[in-house]
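Asker: So the sequence shown is residues 1 to 153, counted in the UniProt record's numbering.
Don't be surprised by glycine CBs; every beta carbon is placed ideally from N, CA and C.
Bear in mind that the values here come from a model prediction, so they are computed numbers and not experimental data.
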Amino acid sequence: MPADRDLSALKLSSGMLAPAFDKATAAYTAEVPYSTERITLTPTVSAESSVAKVNGQTVSPGGSSDPIDLAVGENEISVVVRAQDASTKRYTVTVRRASAIDLEALRLSAGTLSPVFASSVAEYSATVPESTDTVTVTPIAAASTSSVRVNGT
Numbered sequence: 001m002p003a004d005r006d007l008s009a010l011k012l013s014s015g016m017l018a019p020a021f022d023k024a025t026a027a028y029t030a031e032v033p034y035s036t037e038r039i040t041l042t043p044t045v046s047a048e049s050s051v052a053k054v055n056g057q058t059v060s061p062g063g064s065s066d067p068i069d070l071a072v073g074e075n076e077i078s079v080v081v082r083a084q085d086a087s088t089k090r091y092t093v094t095v096r097r098a099s100a101i102d103l104e105a106l107r108l109s110a111g112t113l114s115p116v117f118a119s120s121v122a123e124y125s126a127t128v129p130e131s132t133d134t135v136t137v138t139p140i141a142a143a144s145t146s147s148v149r150v151n152g153t
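1) From the DSSP output, in three-state form, read off Arg5 for me.
2) Given a threshold of 16 other Cβ atoms within 10 Å of its Cβ, counted over all protein chains shown, does Ala26 qualify as buried or as exposed?
3) Quick one: residues in its chain with C-beta nearer than 8 Å to the C-beta of Ala141, no 5 flanking neighbours on either side, listed in chain order?
4) Measuring only the C-alpha atoms, how far is Gln84 from Pro43?
5) Assign Arg5 to one of two classes, buried (16 or more other C-beta atoms within 10 Å of its C-beta) or exposed (fewer than that).
6) Count the other CB atoms, across all protein chains shown, that sit within 10 Å of the CB of Arg90; report buried if there are 16 or more and exposed otherwise.
7) At which residue ranges does the region 51-121 contain complete beta strand (DSSP E) runs of 3 or more residues, listed in the order of the chain?
8) Give a yes or no on contact between the region 110-118 and the region 62-70, applying the rule of three or more CB pairs nearer than 8 Å.
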């Protein structure tokens with residue numbers, strides 16, 4: 001009987017695999033938001049006698065991997081299935097964690113914002129005194145590693 005070193009399923013705690021899981025496909029990608037700092041993978045082996053390891057750590061049957069820290073950008077995660085005859089098959093998941101895109105504050109040189117600033121709100125209007133000729137808008141990024149452009153500059 002040939003060795004079964006396939007997975008029958010592979011799930012992520014955050015994000016979705018692309019392409020959709022197929023045991024014949026060895027390379028996947030997934031995108032997660034900046035707020036996702038850690039991820040777990042749940043590999044399901046096709047044969048009870050096979051063992052799955054995620055980044056070198058054995059995963060119990062039906063269980064999930066230990067949490068994996070995600071850096072901003074690409075994070076390669078290895079899933080290796082070892083069959084009873086010691087042959088192996090490697091799957092790779094490249095998880096792309098987005099950069100921080102939230103604002104901490106949005107300041108005006110004159111006037112007031114409506115509604116009051118909140119990082120989850122994307123549209124505002126401003127009320128300024130009639131005598132105001134210009135208004136300087138100053139966005140403050142939530143992460144020091146982010147940059148912000150206003151009107152493309």
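Answerer: Taking the geometry as given:
1) coil
2) exposed
3) Ala100, Asp102, Leu103, Glu104, Ser147, Val148
4) Answer to the nearest angstrom: the Cα atoms are 17 Å apart.
5) buried
6) exposed
7) 51-54, 57-59, 73-82, 88-97, 103-108, 112-114
8) no
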